[in-house]
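Asks: Chains as they are written, first to last, in the UniProt record's numbering: chain H, 18 to 359; chain Y, 18 to 359. Could you have a look at this structure, given as structure tokens, before my questions?
As structure tokens, then:
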């Protein structure tokens, strides 16, 4: 009785366009959209076709949310924290300073109520969202000079957009927003003193190690940055049920794919950077403490201003507490022993 | 041209049976098989049906590999280290002492050559395998008495099967193999001094905390135990291509599902255990050091005896080195700061 005649009849051919917020050169992030498209195609005998376009081909990277909302494209692949101008709460869909790790973000999204919370928010924009990859804990960026104390951050010009910039500005940093291609020359000339980007694999490609040798860790402002697929809600609702299934499962696979891929490529990239004279430096504890304090003060301010933010922040904070207490035991206990001293 | 007539014609109805090595009471592990079956059903309009059976319903849990090889069932859901009696190398498909974490195991399997290495091994058994879930780093188990030194392990009767038992026996422990239901009474009566099981969520259900209050961490013998789906190779090759696609993507989703689910449920379970008077205890460094030394001595002995083991061990060891060096930086740097002291 459960076996409908669905696949006995020809399903419609559907062609969707996917606008990515990323260039093809960020091949691990961009690649997740290709993985999604290819799996959906194969699952539907080639009838449900999604064609990915890199940032700028249809719309600029930062207009992906608008493009999906307006139906210019049916799908977007992006990071929700690009759109905090529409609602600050969207940062929690990606990563916030001192937030969840990649595994914890998955646990929150799939089982801790995260997806449902954000579905209720994105519905107001005519969008339905699916987790779509993760970078893992990012690096803290490239600094021309060593940073020894909190005072060394005062007046420092650092390319760091978004929530990380918010927190760093509270420590006296002067955050700069520069597109990927403009960062290297600015760092080389000393127009900026520092920049963050992603992790060893992506950072190496932009060559920062040639002009700034101090490579800080961790990137406490993005401990597990989640990417996301946006789908126009009307288009989603018109999709045959089996195509919805194909999209949903392919998105879940792409989510896992990106994290595993980044983990695989970052190790060798880090070793190449070290062979090129890069000096790994851990953030002084004083700076981490001050940044964490600043982050939570900022969250509280936002929560006081906006009921939706407060609802998500409260749920997130409780989940975070539970997760941190558990991960401090078996996972951290193992890693502290097994992983080498840097 | 890429659009075959596949779904325009009715696909065959296929019914497979899946034998799990686990009881339904281990709902997170067993649940991954149900997730796989449900997704495959929905992706194929109900035509490809996989019905999971718990351990003992068709074959005992430890006969799942034989059952798939012989075609008694088409699919198994199990852990390869149960079958080290057939080939010691199979332990690397699950987890070995001081091995990879869950994320690192994914990176190895999907992108580090792990799946391909094991496909070449499982082909000799007429099986094709797919990663099928992970427990994450497990706990070190329940001890009636506190363990302060390496000497305290001598003669200790501990329920610990498999590779963990191998390593512990080299430290003087007398490993015991007991089925799940027999452990609690043996621990209560003092027939055994200690037992390991899985993690807070699963351990709580068996009630060990009522008779042994010392809960050790980490379970260094299983830092990221991967489950696996086995498929009979002839049955796999006869499957329509779209059904193969459906199975493969559903297995990938189930792999991620289990880890996220365990992460979500372990936090609250740990807090309940602590409220019940459980004392968390970290393994003394002396014991971790001795166990790590014993583990690698054992790997080297096995590698000297068997060419296939040597091939896998060599690839694994190199991958592990790269991964540990990278994870020691951004991930561990973040976690050491952000997670609380236990």
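All residues carry an ideal CB built from backbone N, CA and C; glycine is no exception. Every value quoted in this text rests on a predicted model; they were computed, and no experiment measured them.
Short of 7 Å Cβ to Cβ, which residues in the region 122-148 of chain H face chain Y?
Replies: Residues 123, 124, 127, 128 and 129.
Asks: Compare the C-beta of residue 298 of chain Y against all C-beta atoms of chain H and say whether one is closer than 8 Å.
Replies: For residue 298 of chain Y, the answer is no, since every Cβ of chain H falls outside 8 Å of its Cβ.
Asks: Tell me, please, whether the CB atom of residue 59 of chain H is closer than 8 Å to any CB atom in chain Y?
Replies: Yes, residue 59 of chain H lies at the interface with chain Y (some Cβ there is under 8 Å from its Cβ).
Asks: Relative to chain H, which residues along the region 89-121 of chain Y have a C-beta separation below 8 Å, given in chain order?
Replies: Listed by position along the chain: 115, 118, 119, 120 and 121.
Asks: Does the Cβ of residue 87 of chain Y have 16 or more other Cβ atoms within 10 Å, making it buried, or fewer, making it exposed?
Replies: Exposed, because fewer than 16 other Cβ atoms sit within 10 Å of the Cβ of residue 87 of chain Y.
Asks: Grouping DSSP H, G and I as helix and E and B as strand, with all else coil, what is residue 298 of chain H?
Replies: Here residue 298 of chain H sits in strand by DSSP.
Asks: Going along chain Y, which residues have a C-beta under 7 Å from residue 269 of chain H?
Replies: Ordered by position in chain Y, the residues that pass the 7 Å Cβ test against residue 269 of chain H are 270 and 273.
Asks: Counting only runs of 4+ residues fully inside the region 104-180 of chain Y, write out the alpha helix (DSSP H) ranges in chain order.
Replies: Whole alpha helix (DSSP H) segments, 4+ residues: 119-128 and 131-139.
Asks: Quick check on the burial criterion: 16 or more other C-beta atoms within 10 angstroms. Buried or exposed for residue 322 of chain H?
Replies: Residue 322 of chain H should be labelled exposed.
Asks: Assign residue 278 of chain Y to one of two classes, buried (16 or more other C-beta atoms within 10 Å of its C-beta) or exposed (fewer than that).
Replies: With 16 or more Cβ atoms within 10 Å of its Cβ, residue 278 of chain Y is classed as buried.
Asks: Look up residue 65 of chain H in the DSSP assignment and say whether it is helix, strand or coil.
Replies: Reduced to three states, the DSSP call for residue 65 of chain H is strand.
Asks: Run down chain H in chain order and give the residues with a C-beta less than 7 Å from the C-beta of residue 278 of chain Y.
Replies: What residue 278 of chain Y touches in chain H: 128.
Asks: Taking DSSP as the reference, what is the three-state secondary structure of residue 228 of chain H?
Replies: Of the three classes helix, strand and coil, the one that applies to residue 228 of chain H here is coil, per DSSP.
Asks: For the pair the region 252-272 of chain H and the region 320-337 of chain Y, tell me if three or more CB-CB distances fall below 8 Å.
Replies: No, they do not touch.
Asks: Rounded to the nearest angstrom, what separates residue 263 of chain H and residue 193 of chain H at their Cα positions?
Replies: Taking the straight line from one Cα to the other gives about 41 Å.
Asks: In this structure, what does DSSP give as the bridge partners for residue 46 of chain Y?
Replies: DSSP output for residue 46 of chain Y lists no bridge partner at all.
Asks: Please look up how many angstroms separate the CB atoms of residue 289 of chain Y and residue 231 of chain Y, rounded, as I've assumed it's under 8 Å.
Replies: That pair is no contact at about 17 Å.
Asks: With the cut-off set at 8 Å, would you say residue 214 of chain Y and residue 223 of chain Y are in Cβ contact?
Replies: Yes.
Asks: Applying a beta-carbon distance threshold of less than 8 Å, which residues of chain Y neighbour residue 343 of chain H?
Replies: Those within 8 Å of residue 343 of chain H in chain Y are 217, 280, 283, 284 and 287.
Asks: What is the DSSP secondary structure of residue 198 of chain Y, reduced to helix, strand or coil?
Replies: Here residue 198 of chain Y sits in helix by DSSP.
Asks: Using a Cβ-Cβ distance under 8 Å, would residue 266 of chain Y count as near chain H?
Replies: Closer than 8 Å to some Cβ of chain H, the Cβ of residue 266 of chain Y qualifies, so yes.
Asks: Pick helix, strand or coil for residue 284 of chain H, following the three-state DSSP scheme.
Replies: Residue 284 of chain H: helix per DSSP, three-state reduction.
Asks: Indicate whether residue 124 of chain Y and residue 280 of chain H have their beta-carbon atoms separated by less than 8 Å.
Replies: Yes. Within cutoff.
Asks: Tell me the rounded alpha-carbon separation between residue 340 of chain H and residue 121 of chain H.
Replies: Each residue's Cα considered, the two are about 7 Å apart.
Asks: Does DSSP put residue 193 of chain H in a helix, in a strand, or in coil?
Replies: In the structure shown, residue 193 of chain H sits in a strand (DSSP, three-state: E or B).
Asks: What would DSSP say about residue 304 of chain Y, mapped onto helix, strand or coil?
Replies: Helix, per DSSP.
Asks: Buried or exposed: residue 21 of chain Y, going by 16 or more other Cβ atoms within 10 Å of its Cβ?
Replies: Confidence in residue 21 of chain Y is poor, its pLDDT being 41 and thus under 50, which makes the residue's placement unreliable; the coordinate value appears in the next sentence. Exposed: under 16 other Cβ atoms inside 10 Å.
Asks: Using only CA atoms, which one of H:133, H:189 and H:227 lies nearest to residue 307 of chain H?
Replies: The candidate whose alpha carbon is nearest that of residue 307 of chain H is H:189.
Asks: Return the CA-CA distance between residue 177 of chain Y and residue 212 of chain Y, expressed in angstroms with no decimal places.
Replies: In a straight line, the C-alpha of residue 177 of chain Y is about 6 Å away from that of residue 212 of chain Y.
Asks: Given this structure, state the Cα-to-Cα distance separating residue 24 of chain Y from residue 260 of chain H, to the nearest angstrom.
Replies: Interpretation of residue 24 of chain Y is limited by its pLDDT of 48, a score under 50 that renders its predicted location unreliable; the figure taken from the coordinates is listed afterwards. Their Cα atoms are separated by approximately 12 Å.
Asks: Please tell me whether residue 129 of chain Y and residue 336 of chain Y are closer than 8 Å, where the distance is taken between their beta carbons.
Replies: It is a contact, given that the beta carbons lie within the stated cut-off.
Asks: Compute the beta-carbon to beta-carbon distance between residue 248 of chain Y and residue 56 of chain H, rounded to the nearest angstrom, for a pair I have assumed lies under 8 Å.
Replies: Incorrect: roughly 19 Å between the Cβ atoms, too far for contact.
Asks: Only counting the same chain, and skipping five residues up and downstream in sequence, which positions put a Cβ closer than 7 Å to that of residue 114 of chain H?
Replies: Excluding positions up to five away in sequence, the list reads 180, 181, 184, 237, 238, 308 and 312.
Asks: At what residues does the alpha helix (DSSP H) containing residue 333 of chain Y begin and finish?
Replies: 324-344 is the span of the alpha helix (DSSP H), which, as asked, contains residue 333 of chain Y.
Asks: Taking only beta-carbon positions, decide if residue 237 of chain H is within less than 8 Å of chain Y.
Replies: Yes, residue 237 of chain H counts as interfacial toward chain Y.
Asks: Output yes or no for whether 8 Å exceeds the beta carbon distance between residue 27 of chain Y and residue 245 of chain Y.
Replies: Contact: no.
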